[in-house]
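Going letter by letter, the sequence shown gives residues 1 to 242 in UniProt numbering. Written out below as structure tokens is the structure these notes cover.
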Amino acid sequence: MSRVISFINLAGGVGRTTSAVSMAVAFSEYGKRVLLVDLDPNGGASFSLGLETPRLSATEIFSGRPRALGMIYKTADRIDVIPANLTLEAAALKSVAKKDGEYILQKALENLEYDVIIIDAPATNSYLAKCAVLAADEFIIPTRLDVLSMRGVFSAIELIENLKKSENKSYQILPTMVESRNKSQGLISADLNSRYGELVISPGIAKWGGFSEAVGAGKSALSLFKTSDGAASYREITYPLL
Numbered sequence: 001m002s003r004v005i006s007f008i009n010l011a012g013g014v015g016r017t018t019s020a021v022s023m024a025v026a027f028s029e030y031g032k033r034v035l036l037v038d039l040d041p042n043g044g045a046s047f048s049l050g051l052e053t054p055r056l057s058a059t060e061i062f063s064g065r066p067r068a069l070g071m072i073y074k075t076a077d078r079i080d081v082i083p084a085n086l087t088l089e090a091a092a093l094k095s096v097a098k099k100d101g102e103y104i105l106q107k108a109l110e111n112l113e114y115d116v117i118i119i120d121a122p123a124t125n126s127y128l129a130k131c132a133v134l135a136a137d138e139f140i141i142p143t144r145l146d147v148l149s150m151r152g153v154f155s156a157i158e159l160i161e162n163l164k165k166s167e168n169k170s171y172q173i174l175p176t177m178v179e180s181r182n183k184s185q186g187l188i189s190a191d192l193n194s195r196y197g198e199l200v201i202s203p204g205i206a207k208w209g210g211f212s213e214a215v216g217a218g219k220s221a222l223s224l225f226k227t228s229d230g231a232a233s234y235r236e237i238t239y240p241l242l
């Protein structure tokens with residue numbers, strides 16, 4: 001049975017997609033069979049891995065074709081991807097009326113043969129975000145160390161707690177774009193550690209321009225800049241999760 005990890009923060013611009021892609025590749029480098037499910041209609045994770053205009057996408061899951069041939073794409077980064085496109089949100093909303101519609105993603109992923117399935121959830125408190133939570137066993141909440149991003153963290157935790165009331169909930173918070181000399185970030189980091197202690201992945205991921213450069217190249221930073229500090233950071237935080 002696959003481990004399913006959702007990357008979620010209900011604020012945007014927090015490094016969620018970069019973290020989902022980078023850790024998916026890190027798991028693969030450690031010998032795991034990995035599937036990345038892009039559940040953000042903007043398709044950021046798909047684009048980051050060179051899948052700009054996929055013919056088939058996660059839309060198939062919500063349209064009642066969860067086993068559609070060709071929905072899973074191979075990538076140069078040695079992970080498989082179910083990409084997203086702009087038809088995804090409309091298809092998901094149509095599935096709301098179906099019996100147990102919110103579990104449609106969970107059911108579609110149940111019989112797939114992977115060691116790790118990573119879901120890149122949208123940055124909204126939407127039906128798709130709820131599906132991403134219900135389908136997952138574990139959660140990683142990437143966040144910038146600023147006030148608006150932290151509001152997204154609190155909202156994500158509330159969503160997880162509300163939807164997974166009777167189940168074990170395993171989540172960790174991952175600081176991203178960390179600037180060690182930034183005093184404001186230092187204060188927020190201290191508050192974050194005070195609130196959540198060992199649930200915070202410390203020291204997080206430092207700010208680095210290579211992540212943006214990798215997106216433009218359609219590859220992960222771990223593939224494009226194999227020996228960089230940024231790539232090493234994601235490998236380091238992934239290793240304890242093996």
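Virtual Cβ for every residue (Gly too), placed ideally from N, Cα, C.
In chain order, what residues of the same chain have a beta carbon less than 7 Å from the beta carbon of residue i, not counting five sequence neighbours either side?
i, result
"P54", "S46, Y73, P83, N85"
"Q185", "L145, V178, E179"
"V153", "N9, I141, T143, I173"
Keeping to the same chain, check which residues put their C-beta closer than 6 Å to that of residue i; ignore five residues upstream and five downstream.
i, result
"Q172", "I140, L199, I201"
"A91", "T59, F62, S63"
"S149", "A11, V14, T143"
"S95", "F62, G101, I104"
Compare the C-alpha of residue i against each of the options and name the closest.
i, options, result
"Y239", "D137, K32, G15, G12", "K32"
"K183", "G50, D146, L51", "D146"
"I61", "Q106, S28, A76", "Q106"
"E89", "P122, M71, D80", "P122"
"G230", "G44, L242, S212", "S212"
"V21", "K226, V215, M1", "V215"
"R151", "I188, P41, A232, M1", "I188"
"R65", "V96, D80, I104", "I104"
"L109", "D137, S126, M23, V96", "D137"
"L163", "N193, A232, P41, A129", "A129"
"I79", "A97, T227, G197, S223", "S223"
"N42", "D100, T17, S194, A232", "T17"
"I157", "D100, Y196, A190, V81", "Y196"
Is the beta carbon of residue i less than 9 Å from the beta carbon of residue j?
i, j, result
"A221", "G204", "no"
"V116", "D77", "no"
"T143", "T176", "yes"
"L49", "T75", "yes"
"G44", "D120", "yes"
"F225", "I118", "no"
"M70", "L51", "Correcting the residue identity first, residue 70 is Gly in this sequence and not Met. Not a contact, by the Cβ cut-off of 9 Å."
"S2", "L112", "yes"
"S126", "A11", "no"
"S228", "W208", "yes"
By Cβ distance below 8 Å, which residues in the same chain neighbour residue i in space, the five residues on each side in sequence not counted?
i, result
"S19", "F7, I140, P142, L174, T176, I205, Y234"
"E161", "K169"
In terms of residue numbering, what span does the beta strand (DSSP E) encompassing residue i cover?
i, result
"L187", "Not the beta strand (DSSP E): L187 falls in the alpha helix (DSSP H), residues 183-196."
"residue 243", "For the chain, the structure presents residues 1 to 242; residue 243 sits outside this window and is missing."
"L36", "34-38"
"R3", "3-7"
"I104", "Note, I104: premise wrong, no beta strand (DSSP E); alpha helix (DSSP H) at 104-110."
"I82", "80-82"
"L163", "Element bounds for L163: not the beta strand (DSSP E) but the alpha helix (DSSP H), 147-163."
"S223", "First-last for S223: 221-224, but that is the alpha helix (DSSP H), not the beta strand (DSSP E)."
"T176", "170-176"
For residue i, report the span of its alpha helix (DSSP H) as first-last.
i, result
"R144", "Here R144 belongs to no alpha helix (DSSP H); instead the beta strand (DSSP E) covers 138-144."
"Y127", "127-134"
"D229", "229-238"
"I61", "59-62"
"S212", "210-217"
Regarding residue i and the ligand ADP, is the C-beta to nearest heavy atom distance less than 8 Å?
i, result
"R3", "In the structure on display, the ligand ADP does not appear, and there are no ligands present to speak of."
- [ ] Determine, using beta-carbon pairs with one atom in the segment 37-52 and one in the segment 224-241, whether at least three such pairs fall under 8 Å.
- [x] They do not touch, by the three-pair rule.
Task: Contact between the segment 126-140 and the segment 1-11 (3+ Cβ pairs under 8 Å) - done: Between the segment 126-140 and the segment 1-11 there are three or more inter-stretch CB-CB distances shorter than 8 Å, so the stretches are counted as touching.
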